[in-house]
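Since the structure comes first, as structure tokens, the remarks are kept for the end.
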Ligand SMILES: Cc1cc2nc3c(=O)[nH]c(=O)nc-3n(C[C@H](O)[C@H](O)[C@H](O)COP(=O)(O)O)c2cc1C
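Numbering (the working numbering), first residue to last: 1 to 388.
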């Protein structure tokens with residue numbers, strides 16, 4: 001019987017095996033340890049799979065959960081990708097749909113990073129079957145590198161380190177035109193397994209903003225979903241260093257609010273507190289500043305559809321990065337918990353998409369200054385060791 005265990009962050013084994021420990025990366029005083037993986041990707045790890053995985057771990061994932069776990073095979077060219085079942089979001093993502101999208105984005109970036117090294121990544125999704133209704137311990141994919149000088153290079157790969165989820169107010173005076181959106185679509189070159197639609201039509205935008213605000217209101221007023229998010233909120237640099245994932249609240253103001261006891265998880269859970277009200281209004285302002293909306297949908301909702309949605313999600317995000325367009329997902333109204341059911345239906349009716357098709361990603365677009373990268377666990381902490 002084979003059992004799995006994660007190599008610990010500071011485990012001596014990982015340092016010896018991979019030669020790069022979380023705590024030994026050279027950083028300038030100003031750089032934070034939790035951003036180191038964005039620099040490590042450029043350095044290389046002396047193994048073609050690790051070199052590509054160093055980019056894959058920079059993929060977007062819901063609540064920055066980074067649900068990927070990798071078991072490298074002894075053949076030097078392949079690995080199995082697993083979902084870390086301890087990183088699911090059972091309340092806001094009860095079907096693990098969003099988590100699977102994140103894993104799809106991871107595989108897509110892996111493919112690009114392999115191609116620049118002259119390798120084609122052959123990906124066999126769900127080699128032991130597609131897990132429903134939730135993910136289980138079976139692999140998400142088996143991935144094998146084959147030397148192939150003609151492996152298709154995606155020109156968007158060079159934007160991987162600059163890609164961001166832009167959780168900021170968008171500029172009021174800079175509109176997104178239909179031409180900008182058409183250019184985004186052309187640049188992203190999405191697969192033909194997903195569809196992407198957009199709107200800048202004012203009345204429709206207002207209806208969508210209203211739905212997004214109501215969806216956000218439902219998520220924050222439903223205890224289980226709100227508490228899931230606050231439990232995963234890292235307040236201040238110290239907490240982010242300890243857990244470079246989840247929702248990171250960083251910056252001098254946040255450190256001050258924390259020190260004064262204004263911002264903590266208990267207060268965030270307390271309706272009427274400054275922390276709770278501030279969080280709600282922060283997000284409502286984000287929604288209000290949307291200059292355009294876009295949505296990525298699939299004709300059905302299989303696990304394969306979800307992986308493909310993740311691949312196209314990151315393509316869109318890279319294309320937006322190239323064009324200087326800020327992209328921010330607003331996922332609340334797509335979530336499958338009971339309290340959201342009516343709004344989920346209302347939204348899908350508004351945009352004319354009916355089951356079995358569904359929207360996998362809803363985004364607001366606009367223009368904004370580029371934010372800092374988001375934290376990541378270092379690659380070596382995402383590798384699995386199998387014990388007999
Ligand atoms: C399926 C999925 C759903 C997401 N939903 C939201 C969302 O509703 N709101 C949000 O601010 N970010 C959302 N994100 C973005 C993640 O929070 C983000 O990818 C993560 O924090 C890492 O940041 P980065 O994309 O800048 O690297 C989502 C990402 C994925 C893959």
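Glycine included, each C-beta is placed from N, C-alpha and C at the ideal position.
Predicted model, so just to flag it, every value in this text is computed and none were measured.
Point to revise | Supposed contact pair residue 376 and residue 57 - C-beta distance, whole angstroms, cut 8 Å | key: Start at 1 with the first residue of the chain shown, and residue 57 comes out as number 57. Start at 1 with the first residue of the chain shown, and residue 376 comes out as number 376. The Cβ separation is near 6 Å, so the contact holds.
Check your understanding: Thinking C-beta only, is residue 149 closer than 9 Å to residue 118?
Key -> If you number the chain shown from 1, residue 118 lands on position 118. If you number the chain shown from 1, residue 149 lands on position 149. Between residue 118 and residue 149, the C-beta spacing is below 9 Å.
Point to revise | beta-carbon residue 194 near ligand 1 non-hydrogen atom, thresh 8 Å | key: Translated into positions along the chain shown, residue 194 becomes position 194. It does not: the Cβ of residue 194 is nowhere closer than 8 Å to a heavy atom of ligand 1.
Check your understanding: Under the criterion of a Cβ to heavy atom distance below 8 Å, does residue 64 qualify as lining ligand 1?
Key -> Numbered from 1 along the chain shown, position 64 holds the residue referred to as residue 64. Under cutoff, so the answer is yes.
Point to revise | Selected residue, minimal CA-CA separation from residue 133, among 301, 370 and 248 | key: For this step, residue 133 is matched to residue 133 along the chain shown. Comparing Cα positions, the closest option is 301.
Practice item. Rounded to whole angstroms, what's the CA-CA distance from residue 383 to residue 103? Just pull it up for me. Key: Position 383 of the chain shown, counted from the start, is the residue given in the question as residue 383. Position 103 of the chain shown, counted from the start, is the residue given in the question as residue 103. Distance between the alpha carbons of residue 383 and residue 103: 15 Å.
Practice item. Might you give, ordered along the chain, the residues of its own chain that have their beta carbon closer than 6 Å to the beta carbon of residue 55, omitting 5 neighbours on each side? Key: Sequence index remark: in the chain shown, residue 55 carries index 55 (1-based). Excluding positions up to five away in sequence, the list reads 41, 109, 113 and 160.
Check your understanding: Say the cut is 8 Å; is the CB of residue 105 nearer than that to a heavy atom of ligand 1?
Key -> Taking the chain shown and counting its residues from 1, one reaches residue 105 at position 105. At least one heavy atom of ligand 1 sits closer than 8 Å to the Cβ of residue 105.
**Study point:** Counted within 10 angstroms of its Cβ, other Cβ atoms place residue 349 as buried (16 or more) or exposed
**Key:** One-based indexing of the chain shown puts residue 349 at position 349. Residue 349 is exposed by the Cβ-count criterion.
Exercise for review: Flag residue 278 as yes when its Cβ comes closer than 8 Å to any non-hydrogen atom of ligand 1, and as no otherwise.
Suggested key: Counting from one through the chain shown, the residue named residue 278 turns up at place 278. No, the beta carbon of residue 278 sits no closer than 8 Å to any heavy atom of ligand 1.
Point to revise | Closest Cα partner of residue 187 within the set 156, 124, 166 and 285 | key: As a working mapping, residue 187 is identified with position 187 in the chain shown. Put simply, of 156, 124, 166 and 285 the residue whose alpha carbon is nearest the alpha carbon of residue 187 is 156.
Exercise for review: Grab me the residues of residue 27's own chain with a C-beta within less than 7 Å of its C-beta, minus the 5 sequence neighbours each way, in chain order.
Suggested key: Numbered from its first residue, the chain shown carries residue 27 at position 27. Confidence at residue 27 is low in this model, with a pLDDT of 45, below 50, so the placement of that residue should be treated as unreliable; the coordinate-derived value is given next. Once the five neighbours on either side are set aside, the close Cβ partners of residue 27 are 33 and 36.
Practice item. Confirm the yes/no value for this check: CB of residue 118, any heavy atom of ligand 1, distance under 8 Å. Key: Position 118 of the chain shown, counting from 1, holds the residue named residue 118. Because no heavy atom of ligand 1 lies under 8 Å away, the Cβ of residue 118 does not count as near it: no.
Exercise for review: Could you say which of 46, 206 and 244 lies nearest to residue 373 if we only look at CA atoms?
Suggested key: The residue labelled residue 373 in the question sits at position 373 within the chain shown. For residue 373, the nearest C-alpha among the options comes from 244.
Exercise for review: Return yes when the Cβ of residue 184 is within less than 9 Å of the Cβ of residue 200, no when it is not.
Suggested key: Along the chain shown, read from residue 1 onward, the residue named residue 200 stands at position 200. Along the chain shown, read from residue 1 onward, the residue named residue 184 stands at position 184. Residue 200 places its beta carbon 9 Å or farther from that of residue 184.
Exercise for review: Note the first and the last residue of the continuous beta strand (DSSP E) segment covering residue 377.
Suggested key: The residue you call residue 377 lines up with position 377 of the chain shown. Taken as a continuous stretch (DSSP letters only), residue 377 belongs to no beta strand (DSSP E), as it is neither H nor E.
Review point. From which residue to which residue does the beta strand (DSSP E) around residue 125 run?
Key: Start at 1 with the first residue of the chain shown, and residue 125 comes out as number 125. Its beta strand (DSSP E) spans residues 119-125.
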